[in-house]
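Order-wise, the sequence lines are chains A and B.
In this text, residue positions in the first sequence follow this note's numbering: the first is 1, and each later residue adds one.
In this text, residue positions in the second sequence follow this note's numbering: the first is 1001, and each later residue adds one.
Comments concern the structure below.
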Amino acid sequence: MMVSWGHVLLAGAWGGIVALERKAFLQAMLSRPLVAATVMGLLLGDVESGLKVGMLLELFHLGAANLGASLPENDTLSATGTAAAAAAMAEATGAGSTEALWSVAILLFIALGRLGRQADRKLEGYSTRLAAKARSIAEEGDVNRAVRQNLWGMWPHLVVYGLATASCALAGYALGPLLDGLPLGVARGLAWSYPAMASVAAAIAARGSHARRAAFWASLGALTVALGWTALRLRGDA
Amino acid sequence: MSGGLPMSVLVRVFMRSLFLQASWNPQGMQNLGLAYAVFPALEKLYPEPEARRAAVRRHLVFFNTHPYVAAAIVGGVLFHEQRISRGEETPDKVVSFKAALMGPLAALGDGFFWLSLRPAVGAICAGLVPVLEEWSAVLFLVLYNLVHFSLRARLYWVGLSLGDRLVEAVARAKLPARGARLRAVAAASAGGLAAYLAADFGANAGGASAPLLAVGCLALGAASYVLVSRRVPNYVVLYVAAALACAAGAFL
């Protein structure tokens, strides 16, 4: 198995950083699937895989939100893990980025969002202990040290999700050679799966937009684009 | 200066408020983050160790709101703490200020940022991927953060200068009405992208049967919308669609 360890490290570093940004610091949306996956692709030398995986996952997770104490799926882990795996697979096959490869990565790694939610829940236990420790330090009188406990809540996100993303890149390197052996029909079927899944993700996004009369607005958007597309094709043919 | 707090302290508090959720926990939620954010101001306002300890302790109680609009509460906390340090208010004022505002502001922030602005910018930029390619990710960051950071900074300033009266200023921003429009934009962009993907797929894979494949792909999207509306899990719909398309691609 050919592995680029520099890429595995980069994948882990970016996966950890955006996990931190998603939950603990800033929340400027570097962690959104479209951004996080595209940058992952860029770092691993396959921006197209990152972009196409990121676009689909952005739509798939569009309606999810962290409201109050509820925990949505970890869309960031889903995006960084899938993009890292896709880019690593493309590198391992040596054939470059293809729709079939994106489909395999998405089908295998999209459910990381659910695993990430479970990990998020576990990490809350650590933060609870930190808050209790801060209160007890404040009671002892060292308030400066008490409030600084806040920053210790960040490192588990960096480490846990960094390791998880690096593992996805490694899994991509392992899976890549297996894809070379796929029969042509299956590879073609997988290539068709990508636009089908993207279309489904767009429909899920329309539903997840929380808009009143979402079906009406989505149909209006679809009709406008379909008419524009047809007009452009007719003009091109003329 | 803002009633005794130097600008450097105000900037430090704002920067530290970006770490509000660093140790979010189910019991106190953002309590430790809030205490961490306002600590530089408390240090300045209460040189006496005992008064400073008491001030920190009153911000280690339960606190939870939307992380962006929390800037308004952080500003308001400074407004009240300055008055408390001057003896113009009792400490319970700042506690009741936080308790009264965190719920309504959380609902406002969730509705506008999480359920409107983010889906709208996400859907628009995903829709622009075929045109802008990787620059659509850059556009996402620019569009979203123009609104995010400008509102966050403005809310902080409003809280700092108006205290409890920040509610009127926030109401004037008409965020719920703007949010409703953004949600419609999100749905329209997603629908438009579905149509583009279907047409593009047909054109690339179809040959003579291009229109049929494009319509089939679009029908798959429409059927998915109906299924998801009827609470069929998103994952099930996605995997079934992938399996159908894979079978079609392999055998047609």
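Every residue, glycine too, gets a C-beta built ideally from N, C-alpha and C.
Bear in mind the structure is a predicted one, so any value in this text is a computation, not a measurement.
Contact between the segment 1175-1187 of chain B and the segment 1108-1125 of chain B is present, with at least three C-beta pairs closer than 8 Å. Scanning the segment 1083-1163 of chain B from its first residue to its last, no whole beta strand (DSSP E) run of 3-plus residues comes out.
In the DSSP assignment, TRP5 of chain A falls within the unbroken alpha helix (DSSP H) covering 5-23. The straight-line gap separating the alpha-carbon atoms of ASN1025 of chain B and ALA11 of chain A is approximately 28 Å. Residues of chain A with a Cβ closer than 7 Å to the Cβ of GLU1081 of chain B do not exist, since the nearest Cβ in that chain sits about 14 Å away. Judged by beta-carbon spacing, PHE1062 of chain B lies within the 9 Å limit of GLN1027 of chain B, meaning their Cβ atoms are closer than that value.
Apart from sequence neighbours up to five positions away, the residues of its chain that approach LEU123 of chain A with a beta-carbon distance below 6 Å are PRO156, ordered along the chain. GLY162 of chain A is a Cβ neighbour of ALA19 of chain A, given a cutoff of 9 Å. Each residue's CA atom was taken as its position, placing LEU42 of chain A and LEU130 of chain A some 36 Å apart. Where TRP152 of chain A is concerned, the enclosing alpha helix (DSSP H) starts and stops at 143-152. As DSSP reads the structure, PHE1063 of chain B sits in a beta bridge with B:MET1029. DSSP places MET29 of chain A outside both helix and strand once states are collapsed to three, so it counts as coil. When secondary structure is reduced to three states using DSSP, ALA203 of chain A falls in the helix class. Taking all protein chains in view, the Cβ of ASN1064 of chain B is crowded by 16 or more other Cβ atoms within 10 Å, so the residue is classified as buried.
Counting C-beta pairs closer than 8 Å gives fewer than three between the segment 76-89 of chain A and the segment 218-229 of chain A, which falls short of the contact rule. If you look at LYS133 of chain A, you'll find it in the alpha helix (DSSP H) that goes 112-140. In this structure, ALA1071 of chain B lies away from PHE1112 of chain B, with their beta-carbon atoms at least 9 Å apart. Put simply, the segment 160-178 of chain A touches the segment 86-93 of chain A. At least three CB pairs are less than 8 Å apart. Under a 10 Å Cβ-count criterion, TRP229 of chain A is classified as buried, with 16 or more other Cβ atoms of the shown protein chains found around its own Cβ.
For a cut-off of 8 Å, the C-beta gap from SER1023 of chain B to ASN144 of chain A is around 16 Å, too long to register as a contact.
Of the candidates B:VAL1232, B:LEU1213 and B:SER1096, the residue whose Cα lies closest to the Cα of LEU1252 of chain B is B:LEU1213.
The DSSP-derived three-state label of VAL1232 of chain B is coil. Distance check between MET1007 of chain B and each of B:ASN1031, B:GLU1088 and B:LYS1044 places B:LYS1044 closest, using alpha-carbon atoms only. With a threshold of 9 Å between beta carbons, TYR1144 of chain B makes contact with chain A. For LEU170 of chain A, the closest C-alpha among the options A:PRO33, A:LEU26, A:PHE109 and A:ALA36 is that of A:PHE109. For the segment 156-190 of chain A, the set of residues with a beta-carbon nearer than 7 Å to any beta-carbon of chain B comprises GLY185, VAL186, ARG188, GLY189 and LEU190, in chain order. The three-state secondary structure of MET89 of chain A, taken from DSSP, is helix. No residue range can be given for THR98 of chain A, since it is assigned to no alpha helix (DSSP H) and is classified by DSSP as neither H nor E. At a Cβ-Cβ threshold of 9 Å, ALA198 of chain A and LEU56 of chain A count as neighbours. A check of alpha carbon separations from ALA1177 of chain B across B:ARG1083, B:LEU1108, B:LYS1093 and B:LYS1098 identifies B:LEU1108 as the nearest. Residue environment: GLU21 of chain A is assigned as buried (16 or more neighbouring CB atoms within 10 Å of its CB, all protein chains considered). Within chain A, the residues placing a beta-carbon under 8 Å from that of TYR1235 of chain B are ILE110 and ALA111, ordered along the chain. The C-beta of GLN118 of chain A has fewer than 16 other C-beta atoms within 10 Å across all chains shown, which makes the residue exposed. The C-beta of ASN74 of chain A comes no closer than 9 Å to any C-beta of chain B.
PHE1140 of chain B sits away from MET154 of chain A, with the two beta carbons spaced by 9 Å or more. Between the C-alpha atoms of TYR194 of chain A and ALA1198 of chain B there is a straight-line separation of about 11 Å.
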